[in-house]
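A short write-up of the structure that comes next.
Numbering (the numbering used here), first residue to last: 1400 to 1609.
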């Protein structure tokens, strides 16, 4: 994109016809007026292999701020298998998760601690304990819980793992709590993940936006 409707001379230095997006199909949205599905294709060479950041910047980037478009929504994406294979995916999948939780042959039963904001560390740990003792396989931090003044991350980790350990002892089976290690910097995230590991946590979580 040159961000202009004008043909510029630098276009001649690229394979512009190959690389420009192609709207190959437009369908009217049923039972509406002035609404359409536009099918747009991009050449695979426009995307860096294995980069979520590049994918999202390309597909849902500046076009959503384009003033000429009154309303726009991404409805669906179809990604080539060859491109998908460049993404490593999680280091461990659901099979390893089941092995660590020692739960097989049925769905996991989990929940998120609520209220997500405002609890003290001690009360947060109490919710973890009560939920796991009541039959949940695991609980998880909400994405908004990081390290706020009312409950710093170390305090939350300590009380949460205490709740996990108490629930395991009472239930006689492995329980878990997804501790949110998301932080402002990667160094902070590594520190939190290592601390969770030291406490004996078998699982943790990272926010999608990281």
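By construction, the Cβ of each residue, glycine as well, lies at the ideal position given by its N, Cα and C atoms.
From a predicted model like this one, the values you see are computed outputs, not experimental measurements.
Review point. Thinking just about the alpha-carbon of each residue, which of 1546, 1534, 1436, 1589 is nearest to the one in residue 1475?
Key: Between residue 1475 and the set 1546, 1534, 1436, 1589, the nearest pair of CA atoms involves 1436.
Point to revise | Backbone CA spacing between residue 1558 and residue 1520 [nearest angstrom] | key: Within the model, the alpha-carbon separation for residue 1558 versus residue 1520 is close to 6 Å.
Check your understanding: At what residues does the beta strand (DSSP E) containing residue 1426 begin and finish?
Key -> Looking at the DSSP string, the run of the beta strand (DSSP E) that includes residue 1426 is 1421–1427.
Review point. Do residue 1562 and residue 1524 have their C-beta atoms closer together than 7 Å?
Key: Yes. Within cutoff.
Point to revise | Inter-residue Cα distance where the pair is residue 1581 and residue 1540 | key: If you draw a straight line from the Cα of residue 1581 to the Cα of residue 1540, it comes to about 11 Å.
**Study point:** CB of residue 1602 within 7 Å of CB of residue 1577, strictly
**Key:** Contact: yes.
**Study point:** residue 1449 and residue 1485 closer than 7 Å at C-beta
**Key:** Between residue 1449 and residue 1485, the C-beta spacing is below 7 Å.
Point to revise | Contacting residues, own chain, Cβ-Cβ under 7 Å from residue 1584 (five flanking each side not counted) | key: The answer is none, since no qualifying residue turns up.
Review point. Residue 1486 lies in the beta strand (DSSP E); which residues open and close that run?
Key: Looking at the DSSP string, residue 1486 is not in any beta strand (DSSP E), and its letter there is neither H nor E.
Review point. Hey, residue 1538 and residue 1568 are a contact pair by Cβ (cut 8 Å); roughly how many whole angstroms apart?
Key: No, residue 1538 and residue 1568 are not in contact; Cβ-Cβ is about 16 Å, not under 8 Å.
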